[in-house]
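Trainee: Have a look at the structure that comes next, please.
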Amino acid sequence: MKRDPTVRRLFFGIFVIGFGAGALRFLFPFQILNLGGTESLVSLGGTFSAIGQVLGLLVLSRLFRSKRSSMLVSGLLLAVFTLATALVQDSVVLTLTRLFEGAGAGLLTLLIIRVSCEFESCRGETVGTLLSALFLGSAIGQGIAGIAVENMSQLLSLSQLATIQFFGLILSVPFLAVLRLILPSIEEQPLSGKNEDHKEHKHFHFGSFIRVLLTKKVLLLAIIYFLYDFSHGFYTPILSILINNNGVPIDQIGLGYLTGDIVWGAMQLYAGRVVDRIGHLWPLILSLVAKGIIVFFYAGVFSIASLIPLLALAGAAEGFLEPARNDAAMAHSPTNGLTHDHTHYFLVHAPGMSFSLAKHNHEHVHLTGSDEVVSILQTVGLIGFALGAGGGAWMLLEGLSISSLTIVGGTMLILAGLLSTGFRFTSTDDSQ
């Protein structure tokens, strides 16, 4: 897998997209407040991002199935959000542009899953490698964004609002240039085309699809996806605001996020191999419980000395969680096939004979593949994130403190970890 040129090129491309996404997501809460918005509007930004990711997973992933087109569209959607950060003067409009950022992220996530499905013997390692590109890029983007905005604001004597707009403008230029350079080197062929001589119609019958989704392990996975993303939607959109309100400046918050995400991305390079070797069960359980306990301590961060170790521990837990969760989704999402035929009628004619009506049977193969089931699980998670972000916004409007959101979020993560033990007691007919 490491020698595969497609994975290497995608690693670099995903890293670039992750860099831009990390920088913009980090700056988004501060810019909303700078434009006169509220913490609840920051949380709603997470809801719009999740809605965009659903559109990316369910709609855009059907329209753009090749590696190159998926990468290109993801990059262009993020570029729209980049320019919006630089030009938009209204907090509500900027919040709505999170739809574009989310759609690009959803398309990119399914691209990673599809590529990983091509490497059956090292599936977990492939997921971990490509996700590490995304999160390492995001880490460096967040770190640079926080430090750059703080220093540019002082150097150029600009307000934080103007500095973030200027940073968004200059970020779009190298970002689009790098995409332009790497896209021609990425293969054109569709990811789904394994055997073009034998045509398989990649759609499915609803009843067959529902039977796959209603297996015990897929249902359990759906609950875990929902709880995990609900938790993150509940507290992560306003986490940087919570830490900033505790007296930690934006550049130090960026450095803390940089540390946590570097640990996150680097850990996935190792965690993917662990998942391939021992399976996903224990990494999934332990990482969820550990992350939930860590989240309880976020409200007590008042300096960079406590911020960096805490985010590093969170990054280590997340580093095992993502490969384990995605490998579990692929392992417990069996391909379900339905073969049937239709009668086709046509006219035939031979010299000296009249036209006659003939018929033949034409066979169709309908497949429900793991990438389609994983797409549904990702969608369930995104719905959870959207509901969590909306719920967090509503709780803030009702007067709940920001720190209280971390308590709820941590509890949800621990509950998801405890539910993961259910994989030990479900039937093994669709296990690894």
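Number 7 in the numbering used here belongs to position 12 of the sequence shown; there are no gaps in the numbering. Cβ coordinates follow ideal geometry from the N, Cα and C atoms, glycine included. Remember, it's a predicted structure, so these values are computed and weren't measured experimentally.
Name the DSSP beta bridge partners of serine 44, please?
Mentor: Answer by DSSP bridge pairing: none, since serine 44 is not bridged.
Trainee: Per DSSP, what kind of secondary structure is serine 61 in: helix, strand or coil?
Mentor: Note: serine 61 maps to strand in three-state DSSP.
Trainee: What is the DSSP secondary structure of proline 0, reduced to helix, strand or coil?
Mentor: Proline 0: helix per DSSP, three-state reduction.
Trainee: Determine, using beta-carbon pairs with one atom in the region 241 to 255 and one in the region 49 to 59, whether at least three such pairs fall under 8 angstroms.
Mentor: The answer is no - the region 49 to 59 does not touch the region 241 to 255, with fewer than three Cβ pairs under 8 angstroms.
Trainee: Could one say the Cβ of alanine 261 lies closer than 9 angstroms to chain C's Cβ atoms, at least one of them?
Mentor: You won't find chain C in this structure, because it holds only one protein chain.
Trainee: Since glycine 394 is in the alpha helix (DSSP H), which residue starts that stretch and which ends it?
Mentor: Looking at the DSSP string, glycine 394 is not in any alpha helix (DSSP H), and its letter there is neither H nor E.
Trainee: Between which two residues does the alpha helix (DSSP H) carrying proline 244 extend?
Mentor: Proline 244 -> no alpha helix (DSSP H), and no H or E assigned at all.
Trainee: Using the rule of at least 16 other Cβ atoms within 10 Å of the residue's Cβ for burial, across every protein chain shown, is glycine 394 buried or exposed?
Mentor: Per the 10 Å Cβ criterion, exposed.
Trainee: Taking only runs that begin and end inside the region 216 to 283, name each unbroken alpha helix (DSSP H) of 4 or more residues, in chain order.
Mentor: Here the runs fully enclosed are 234 to 240, 245 to 273.
Trainee: Let's test the definition: count the other Cβ atoms within 10 Å of the Cβ of lysine 194 and tell me whether it reaches 16, buried, or not, exposed.
Mentor: Unreliable placement is indicated for lysine 194, whose pLDDT of 44 sits below 50; the coordinate value is still reported in the next sentence. Counting Cβ neighbours within 10 Å, lysine 194 comes out exposed, since fewer than 16 surround it.
Trainee: If distances are taken between C-alpha atoms only, which option among Gly310, Leu283, Asn241 comes closest to methionine 262?
Mentor: Of the listed residues, the one whose Cα sits closest to methionine 262 is Gly310.
Trainee: Taking the Cβ atom as the reference point for each residue, do asparagine 241 and valine 290 lie within a distance shorter than 9 angstroms?
Mentor: Not a contact, by the Cβ cut-off of 9 angstroms.
Trainee: How far does the alpha helix (DSSP H) with leucine 53 in it extend, from its first residue to its last?
Mentor: Taken as a continuous stretch (DSSP letters only), leucine 53 belongs to no alpha helix (DSSP H), as it is neither H nor E.
Trainee: When you compare each of Ser154, Leu176, Gly47 to isoleucine 378 by their alpha carbons, which one comes out closest?
Mentor: Closest by alpha carbon: Gly47.
Trainee: Run the CB neighbour count on tryptophan 389, radius 10 Å, all protein chains shown included, and call it buried at 16 or more, exposed below.
Mentor: With fewer than 16 other Cβ atoms within 10 Å, it is exposed.
Trainee: Just to confirm, is the Cβ distance from phenylalanine 7 to alanine 128 under 9 angstroms?
Mentor: Yes, the Cβ-Cβ distance between phenylalanine 7 and alanine 128 is below 9 angstroms.
Trainee: Assess contact between the region 129 to 138 and the region 253 to 262, defined as three or more Cβ pairs (one per stretch) separated by less than 8 angstroms. Is contact present?
Mentor: As far as the Cβ criterion goes, the region 129 to 138 touches the region 253 to 262, which means the pair count is three or higher.
Trainee: How many Å lie between leucine 106 and serine 65 at the Cα?
Mentor: The alpha-carbon atoms of leucine 106 and serine 65 are separated by roughly 7 angstroms.
Trainee: Using only CA atoms, which one of Leu222, Asn29, Gly385, Ile397 lies nearest to leucine 414?
Mentor: Of Leu222, Asn29, Gly385, Ile397, the residue nearest in Cα terms is Leu222.
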